[in-house]
Amino acid sequence: RHYINEDSPLYGLRLDEFPGNTIFAFRLNIKAIQALTKGEVYAQTSYEVCDVLVGHRFEDQVDYNENTRKLVFDYAKMNNTYPFFVWYPEEANILKDE
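Pasting the structure below:
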């Protein structure tokens, strides 16, 4: 796992201000447990900086159907995002040479 905290090279990085100057791509590795079979699932992908939407969050794709009392996954929302507040630490300036 990679937590973005004071020890992370991503801490304070503002892709909205400096796209592509310091990071060209992110590699995402996912390891999860599939709910039905309890088997491990792995996935890998890369995202270029231009693929990252700063200040956005994915829309919730799971809805609860009151009539059937079941969860429903809405694949039409797969790529939907909405604006979301992004907190940046004020003291972090990773591009400044010290």
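Each residue of the sequence shown is one higher than the one before, starting from 118 at the first, in my numbering. Backbone N, C-alpha and C define an ideal beta-carbon position, used for all residues, glycine too.
Under the three-state reduction of DSSP output, LYS148 falls in the strand class. Assigned with DSSP and collapsed to three states, LYS187 falls in strand.
Under the 8 Å Cβ criterion, the segment 141 to 152 does not count as touching the segment 119 to 126, having fewer than three qualifying pairs. Apart from the 5 residues on each side of it in sequence, ASN182 sits with its Cβ closer than 8 Å to the Cβ of LEU188, VAL189 in its chain, given in chain order.
Under DSSP, the beta-bridge partners assigned to PHE143 are TYR164. Judged by DSSP secondary structure, ASP180 falls within the beta strand (DSSP E) whose first and last residues are 179 to 182. LEU127 and LEU153 have their alpha carbons spaced roughly 35 Å apart.
Beta-bridge partners of HIS173 (DSSP): PRO200. Taking the Cβ atoms as the reference, ARG174 lies roughly 18 Å from TYR192, outside the contact range of under 8 Å.
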